[in-house]
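A.B. asks: In UniProt numbering, the protein residues as written are 1 to 698.
1. Under 8 Å by Cβ, that's how I've got residue 396 and residue 418 pegged, so tell me the actual separation to the nearest angstrom.
2. Excluding the five sequence neighbours on either side, which residues of its own chain have a C-beta within less than 6 Å of the C-beta of residue 195, listed in chain order?
3. Using 8 Å as the threshold, is the C-beta distance between residue 401 and residue 432 below it?
4. Under three-state DSSP, which class holds residue 465?
5. Nearest to residue 357 by CA position, among 168, 555, 376, is which residue?
6. Am I right that residue 198 and residue 174 are in contact with their C-beta atoms under 8 Å? What's the rounded C-beta distance?
7. Can you tell me whether residue 320 sits near the ligand FAD, meaning its C-beta is under 7 Å from at least one heavy atom of the ligand?
8. Since residue 118 sits in a beta bridge, which residues does DSSP pair it with?
9. With a CB to CB cut of under 6 Å and the five nearest residues on each side skipped, what residues in its chain are close to residue 693?
10. Can you give me the Cβ contacts of residue 111 inside the same chain, cut-off strictly under 8 Å, excluding the 5 residues immediately before and after it?
11. What residues match up with residue 660 in a beta bridge as DSSP calls it?
12. Please report the straight-line C-alpha distance between residue 241 and residue 223, rounded to a whole angstrom.
13. So does the stretch 578 to 587 actually touch the stretch 462 to 476, counting three or more Cβ pairs closer than 8 Å?
14. Could you say which of 292, 122, 530 lies nearest to residue 315 if we only look at CA atoms?
15. Pull up the distance between the alpha-carbon of residue 487 and that of residue 192, whole angstroms please.
16. Work out the CA separation of residue 482 and residue 561 for me, nearest whole Å.
17. Rounded to a whole number of angstroms, what is the C-alpha to C-alpha distance between residue 220 and residue 159?
18. Taking a contact to mean a Cβ-Cβ separation below 8 Å, would you say residue 119 touches residue 91 in this structure?
19. One question on the structure: do residue 519 and residue 502 come within less than 8 Å of each other, judged by their Cβ atoms?
20. Ordered along the chain, which non-local residues of its own chain (more than five positions away) have a Cβ less than 6 Å from that of residue 682?
21. With 16 other CB atoms within 10 Å as the buried threshold, where does residue 413 fall?
22. Can you tell me which of the three DSSP states residue 527 falls into?
23. Closer than 8 Å is the cut-off here; do at least three beta carbon pairs connect the stretch 582 to 595 with the stretch 472 to 479?
24. Distance, Cα to Cα, residue 73 vs residue 201?
25. State the beta-bridge partners of residue 351 as determined by DSSP.
26. When the Cα atoms are used, what is the spatial distance from residue 183 to residue 426?
27. Considering only residues of the same chain and omitting the five flanking positions on each side of residue 114, which have a CB-CB separation below 7 Å?
28. Would the beta-carbon of residue 699 fall within 8 Å of that of residue 456?
29. Quick check on residue 375: does DSSP put it in helix, strand or coil?
30. Alpha carbon to alpha carbon, how far is residue 231 from residue 106? Give it in angstroms, no decimals.
31. Examine the Cβ distances between the stretch 595 to 609 and the stretch 540 to 554 and report whether three or more of them are shorter than 8 Å.
32. With a threshold of 16 other CB atoms inside 10 Å of the CB of residue 399, please say whether the residue is buried or exposed.
33. Rounded to the nearest angstrom, how far is the Cβ of residue 533 from that of residue 497, given a contact under 8 Å?
34. Under DSSP, the beta strand (DSSP E) around residue 279 begins and ends at which residues?
35. For residue 639, count neighbouring C-beta atoms within 10 Å of its own C-beta (all shown protein chains included) and say buried if the count is 16 or more, exposed if not.
36. Of all the CB atoms in chain B, is at least one closer than 8 Å to the CB of residue 81?
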């Protein structure tokens, strides 16, 4: 483990500080040395206590629930508080079990909540004494949706001193977010679970065999001190010896490949395509949870006419939407933004007829109208007459980015400092892409995953009413992988900085000509070396880039042969090789850095090509074969040179496209044959799960 010293992470972050690392198939860790530093631990504890206090003050104890649907639950201080879980089949929100001291293991003996199948937010466990396993508590918990995350994670287990195993043998799906297991000295069987199989969200799409889920698993009981899994449990991917299990009694459930993306029951039989987490029988009425929405006991793709989708999981009527109570996370979010909670009504939900959803806040382009204690969303008359104003602040986690979702005007300054996380750039793009104006300054600092600022797609004005250090309205500092500011061809060149100057330092991959282009677009005066240093911006990449000529020579169903003209340089020692970037591209609109994440998980595949041995014969073309491609799929690719850090001249191709050939489809599904008469047979079947081409006939 590399030594990542220092501790400048924000107080509400669980992650330890450190540079971005490429996602691995199993576990990705951040930290300092072999243990979490005392300062980071203190900051983390402060974060947990602050968050828990906010949650505790938000809502009183929840009584027994007869509908099966519970709101967010905060269980703390005593084992008796577990009674809040009675009757809960679904928790629409988070579940926090925290700070239960001096509890004896025997106090948990008679506690079990087999009804609980699903949590729409996150699950957090922190300093719960005496609890040895979650298996008996939640034997049927199948799905954690992760609609709301705790500092980028959907399942958090931290400083559980007596926990020996998770035991969540029914858990098959975490739809968003990763897992965080840290400082649980007795905890075993966490390295014997394929967390990428459960939390599939950030696996790289389009490339077979590539996984990219990032989790944080550290300082638990050593794997070699834990018992091994039974030999009849499924094997880990790529292993002949390591098996997958939750405990000696429960293997991890792995559905057959024939199920594809569908879930399966306890016997391995595939469930209905609308099921999630498992099922009793293969139909849409016996699912443990729904992949789409739940309506009158049926799992459906969408809500029927006249009903509204609520929390992306069930359908409700208009009156039910208005009656939904204020969730706890609204309290936490607005308290963090120092907003007056008294201004938020007890029933803030409103039906939004444009997409038939029950929503908390109106989307961009709509005004919230309050009438007779009911809210609705009204379409704005014009862009300039309707804006969603939000208070600025520091975006140091995905959770903080979500607080600015659909905001168009930032009142104050916006600072972005994210050290790590899952799908960071994708989350920034989804939550900050509506911002058009910032009244103060914009500061991007030590955000290692960011390769461009294209996630601020609509930003057009930085007013600079208040400035960093009284001088600067745009500060970009110490971003090790930032390559581009904005793609001006796609974004448009309408960009203004009305007051203040630029400050760019320690961005080793950002060439100064990119900064100069921004200065000219914003009509700013020339910058000085103290403001934009020539020797600390673009000092580790080739900024004088020539164009490489490339072509697709031959293609097949799963491979393609690519050729390119070799790069010639007066000193051949500076060229270390070539890098080919490939991504699945349904449309020919791919840009090099839009949506890119320097830590991977963004769908781009990277192939390193070494240069051939020197010879007297001059080589006109170089070539390589790209394999592990999907049949009948369009890809985008480009090639760039890989040179020594001090070399200022390099080469890069334009983005090119190719489509692989069709291949044999998978077998047709759900084949049924019955007799219609003495001379006829009727045959029914479903299309192949993987068509591998345009299926025209059978």
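Just so it is clear, CB atoms sit at the ideal spot from N, CA and C, and this is done for glycine as well.
C.D. replies: With the structure as the only source:
1. 6 Å
2. Once the five neighbours on either side are set aside, the close Cβ partners of residue 195 are 179, 215.
3. Going by C-beta atoms, residue 401 is nearer than 8 Å to residue 432.
4. Three-state DSSP puts residue 465 in coil, outside helix and strand.
5. 376
6. 5 Å
7. The ligand FAD is not part of this structure, which contains no ligands at all.
8. For residue 118, which the question treats as bridged, DSSP gives the partners 90, 143.
9. 632, 662
10. 79, 82, 136, 137
11. The partner list for residue 660 (beta bridge, DSSP) is empty, contrary to what the question assumes.
12. 14 Å
13. no
14. 292
15. 44 Å
16. 31 Å
17. 9 Å
18. yes
19. yes
20. 674, 676
21. buried
22. coil
23. Look at the beta carbons and you see the stretch 582 to 595 not touching the stretch 472 to 479: under three pairs across the two are nearer than 8 Å.
24. 25 Å
25. 358
26. Taking the straight line joining both Cα atoms gives about 29 Å.
27. 139, 140
28. What is shown of the chain runs 1 to 698, which leaves residue 699 out entirely.
29. strand
30. For residue 106 and residue 231, the gap between their C-alpha atoms comes out near 31 Å.
31. Not touching, per the Cβ criterion.
32. buried
33. 19 Å between Cβ atoms; not a contact.
34. 275 to 279
35. buried
36. Within the model displayed, chain B is absent; a lone protein chain is all it includes.
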